[in-house]
Every structure is written in C-alpha cells, then in structure tokens.
Amino acid sequence: MTALLCTARRYSHHMHDDTADCLSLTYDDRFLRRKVLTCESGEQILVDLAQTTSLDHGGALILDDGRAVEIQAAPEALLEVSAPDLTRIAWHIGNRHTPCQIEKDRLLIQVDHVIRDMLLKIGATVREVHEPFTPEGGAYGHGRTHGHAH
2 MTALLCTARR
12 YSHHMHDDTA
22 DCLSLTYDDR
32 FLRRKVLTCE
42 SGEQILVDLA
52 QTTSLDHGGA
62 LILDDGRAVE
72 IQAAPEALLE
82 VSAPDLTRIA
92 WHIGNRHTPC
102 QIEKDRLLIQ
112 VDHVIRDMLL
122 KIGATVREVH
132 EPFTPEGGAY
142 GHGRTHGHAH
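Per this note's numbering, the very first residue in the sequence shown carries number 2; after that it's consecutive.
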C-alpha cells in the first residue's frame, strides 16, 4: 500500500522561521503548478498549487499539515558575462527577454549558445560557471515576466 504524500497547496514569497525541510531547485524547476518533489530529508511532497507559480529563492511551500518547506536556488550551469560597458550588455540581454541575474560586476544567464555568440560579438567576456540562479523578477512583482496581467 502506498502512503499518501503530504501536499503543498499554498506558497509564501517569504521563508518562515520554522521551516521543516528544504527543496533545492533549479530556475526552470522553480516554475511549476503540480509535481511530486523530494525534499533534502528524502520526504516526497506533492505540490498542487491553484496556478503555475514561480517559486523564489527564500520562499516557502506550506504543507497541509502546517509545516513550511524552504525553497533554495540549486547550483546549475550558467554563463557569467562581464564587459567594460556592462550596462550596454545588460540592455542586449534584456532586449532578448532572457532571464538575467544582475550583479555589480557581472551578469548571469542560462546557457544559450546563440546568446553567447551574440555577446562575444559585441565585446563581452563569457565563461561557464556552476552557481545558483536568481534572476531579476518582473517590474510588477515577484517571479517571471511571462505575462502582462497586472
């Protein structure tokens, strides 16, 4: 007989102090509605949200039994981008609607050979790294910028 999984039907953009477990997920894996996931403890949970949701690093899924499961950005393959004129490079990345983590001296984007070639042609330095990815959210709130509903 299969045991019933604990279910998360709610998500909080802010981590709770009393998190019971942790999920380490890549950027793409943090965009979901319904899926079975395995926590760091090995416990499997069913995520069953009302709509597809972008789970942010530092957020928490709230289980039906009241426990909170912290969301962490997992390390993944990325491109680190640097250049003397980083603002210009950031504009080109944004103009292609590419998720981008913006830092003082570098940008991080997902691996994309077409974007990489474009960046090299306009003077950027690009190298592969393996780090957590937490790109900028949309101007109208948390998460991704797939839609324009406000």
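Where is the CB? At the ideal position from N, CA and C, for every residue including glycine.
For residue i, which residues of its own chain have a beta-carbon under 7 angstroms away from its beta-carbon, when the five flanking residues on both sides are left out?
i: residue 2; result: Only weak support exists for where residue 2 lies, its pLDDT of 48 falling under 50; the coordinates are left without a value.
i: residue 103; result: 91, 137
i: residue 20; result: 61, 69, 70, 71
i: residue 115; result: none
i: residue 23; result: 40, 41, 70, 71, 73
i: residue 48; result: 9, 33, 35, 36, 38, 62
i: residue 124; result: 84
Under a CB-based cut-off of 9 angstroms, is residue i close to chain B?
i: residue 83; result: The structure shown contains no chain B; it is built from a single protein chain.
So, for residue i: in the same chain, excluding its five sequence neighbours on each side, which residues have a beta-carbon less than 8 angstroms away from its beta-carbon?
i: residue 54; result: 12, 32, 33, 34, 144
i: residue 131; result: 76, 77, 78, 79
i: residue 113; result: 80, 99
i: residue 87; result: 106, 107, 108
i: residue 129; result: 78, 79, 80, 81, 112
With which residues is residue i paired in a DSSP beta bridge?
i: residue 131; result: 78
i: residue 22; result: 70
i: residue 125; result: None, per the DSSP bridge assignment.
i: residue 11; result: 63
Given residue i, which residues of its chain have a CB within under 6 angstroms of its CB, disregarding the five upstream and five downstream residues?
i: residue 45; result: 6, 37, 39
i: residue 65; result: 8
i: residue 100; result: 136
i: residue 56; result: 31, 72
i: residue 107; result: 81, 83
i: residue 25; result: 73, 75
i: residue 28; result: 134
Would residue i and residue j qualify as a contact pair, given that the criterion is a beta-carbon distance under 9 angstroms?
i: residue 117; j: residue 79; result: no
i: residue 121; j: residue 94; result: no
Relative to the ligand FAD, is the shortest distance from any of its heavy atoms to the C-beta of residue i smaller than 8 angstroms?
i: residue 75; result: Only the bare structure without any ligand can be found here, which leaves the ligand FAD out of the picture.
- Message: For a minimum of 3 consecutive residues, which ranges assigned as the beta strand (DSSP E) are wholly contained in the region 67-122?
- Response: 69-74, 76-83, 101-103, 108-111
- Report the residue ranges of all alpha helix (DSSP H) runs contained in full by the region 21-64; include only those spanning at least 4 residues, in chain order. none
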